[in-house]
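Here the protein sequences come in this chain order: C and B. Position one of the first sequence corresponds to residue 9 (our numbering), numbered consecutively onward. Position one of the second sequence corresponds to residue 13 (our numbering), numbered consecutively onward.
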Amino acid sequence: MVKKTLRLLCLGLTFSSCFAVHPELQSAKSLKKDERSIGLGIFGGANVLVEIYGIAGVYNYGLTDKLDWSTDGSFSVQASSLNRAFQGFGVNQYNLSSGPKLSVLNNRIALRLPATVTYSTEDIYLSTSPTLLLDVIDEKATLFLRYNRLYERNAIEGYSGDLVFGFNYFLPFYSNKLLLSIQSNGVGLYGGIGLTL
Amino acid sequence: MSCDRTANWTAIDFLSGTWEGQEITNYIKIQSYPGALTPHSTDHLLNQIDTANRTSTIDSAGVVIDESFFVLLDETHLSLSGTDQTIDWAFDTDPLPAGLEPIFDSLRILFSGEQTFDIQLLNRKECVLYFDTIVPVYYAGSLVNVELRHTQYWKK
């Protein structure tokens with residue numbers, strides 16, 4: 009009974025929670041002025057209905073020592089399995105976010121305020137994705153919290169966005185440029201591996 | 013040992029026979045908002061297509077659960093006159109929240125009528141049928157458009 013109730017709850021949320029489950033391929037630390045950085049990664053995971061696979065990238069440019077312009081993009085596909093995705097039974101989604109990233113408190117906390125465009129099933133969705141990044145464990149890990157807020161609400165469920173929370177761990181080799189990421193939107197669990205350059 | 017020569021086969025020749033269910037995906041979007049892909053396995057189903065009588069009979073573990081009539085409109089379009097039972101095997105409604113039931117009530121009415129499927133893939137071994145539609149649903153006193161994208165995958 010509990011399991012069924014949980015499934016119902018999950019599906020109710022899942023019905024509209026398919027947005028932007030990609031990892032944040034960066035820490036809270038700001039770049040110096042005119043510096044650039046790139047992060048690339050792959051991710052995957054599942055919720056109660058589907059599996060999701062994707063690739064993601066982020067490009068940051070230092071506007072000042074505390075303010076970056078941060079742009080990320082991702083491509084993901086939802087399907088019952090990776091095999092089915094390759095067979096064409098999946099639903100593709102493209103996300104592009106761009107906006108400022110302000111780092112404070114000795115670069116330990118950062119707030120991104122990007123605008124996001126999502127393209128999926130021949131429709132475009134506009135949203136904003138405020139993201140909080142918090143560096144912990146001597147900058148070896150980053151916690152992040154991202155709220156993707158759609159500009160319009162869903163008529164039936166009153167849905168207007170979803171929250172993704174996650175954790176990046178920078179592995180102690182290759183100059184800490186390799187990261188593992190785990191994130192969830194409350195209805196599914198996703199993981200990824202990335203490289204920051 | 014026999015060898016089927018399919019060079020001159022048309023869609024009706026390929027359709028004939030018994031197909032094993034693989035998967036049905038229903039992608040449901042509510043008024044252009046992000047929707048949900050709800051795939052479910054149909055490997056317990058057999059679809060016996062009788063091209064002489066133009067019938068499609070769905071069998072689950074030896075029990076006939078649905079029968080419909082079809083008309084092959086052309087090589088890439090198939091019209092199926094379904095029954096009320098179709099919704100029961102074409103959708104996994106079991107885990108759905110009660111709040112979405114009005115959508116499925118409307119889909120039941122839709123499926124009891126006639127649908128025109130695109131034949132996306134049809135050869136000796138695989139068949140992929142697809143149709144999409146927009147169903148108006150009365151929800152909490154207002155009319156909401158629900159878009160359904162329905163894909164059936166069968167194998168011989």
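The beta carbon of each residue, even a glycine, is placed where N, CA and C say it ideally should be.
Look at the stretch 74-95 of chain C: the residues with a C-beta under 9 Å from a C-beta of chain B are Gln86, Ala87, Ser88, Ser89, Arg92 and Gln95.
Per DSSP, C:Ser137 lies in no beta strand (DSSP E) and is assigned neither H nor E. Below the 8 Å Cβ cutoff, chain B contributes Tyr39, Lys41, Gly47 and Arg161 as neighbours of C:Thr129, in chain order. In this structure, C:Ser78 keeps its C-beta atom at 7 Å or more from the C-beta atom of C:Ala64.
Against chain B, a Cβ distance below 7 Å from C:Leu119 picks out nothing, because the smallest value is about 25 Å. At a cut-off of 7 Å between beta carbons, C:Phe51 makes no contact with chain B. Contact between the stretch 134-150 of chain C and the stretch 76-85 of chain B is absent: fewer than 3 CB-CB pairs across the two stretches fall below 8 Å. Fully enclosed alpha helix (DSSP H) runs of no fewer than 4 residues occupy 90-94 of the stretch 40-103 of chain C, in order along the chain. In terms of Cβ geometry, B:Ile36 and B:Leu57 do not form a close pair [threshold 7 Å]. By the neighbour-count criterion, in which 16 or more other beta carbons inside 10 Å mark a residue as buried, C:Asp146 falls on the exposed side. Residue-level contact by beta carbon fails for B:Thr88 and chain C, as no gap is shorter than 7 Å. Here DSSP, grouped into helix, strand and coil, assigns B:Arg120 to helix.
Nearest to B:Val83 by alpha-carbon distance, out of B:Asp144, B:Glu126 and B:Tyr142, is B:Glu126. Assignment of B:Trp166 by DSSP, reduced to helix, strand and coil, places it in the strand class. B:Gln164 and B:Ser118 have their C-alpha atoms spaced approximately 20 Å apart. Interface with chain C (7 Å Cβ-Cβ cutoff): B:Pro51 is included. For C:Leu57, the C-beta contacts it makes with chain B under 7 Å involve Ala48, Leu49 and Thr50, in order along the chain.
Here C:Leu186 really is in contact with C:Leu179; their C-beta atoms are around 5 Å apart, less than 8 Å.
Rounded to the nearest whole angstrom, the CA to CA distance from C:Leu205 to C:Gln34 is 10 Å. Residues Val58, Ile60, Gly98 and Val99 of the same chain have their beta carbon placed closer than 6 Å to that of C:Gln86, with the five preceding and five following residues left out of the count.
Taking a beta-carbon distance threshold of 7 Å, C:Phe97 counts as an interface residue toward chain B. The beta carbon of C:Ser106 sits closer than 6 Å to those of Thr79 and Pro122, all from its chain and outside the five residues before and after it, given in chain order.
Look at B:Trp101 here: in three-state DSSP terms it is helix.
For the options C:Glu43, C:Ser183 and C:Pro31, the alpha carbon positioned closest to that of C:Asn103 is the one of C:Pro31. Shown here, B:Phe26 sits in a helix according to DSSP, grouped into three states.
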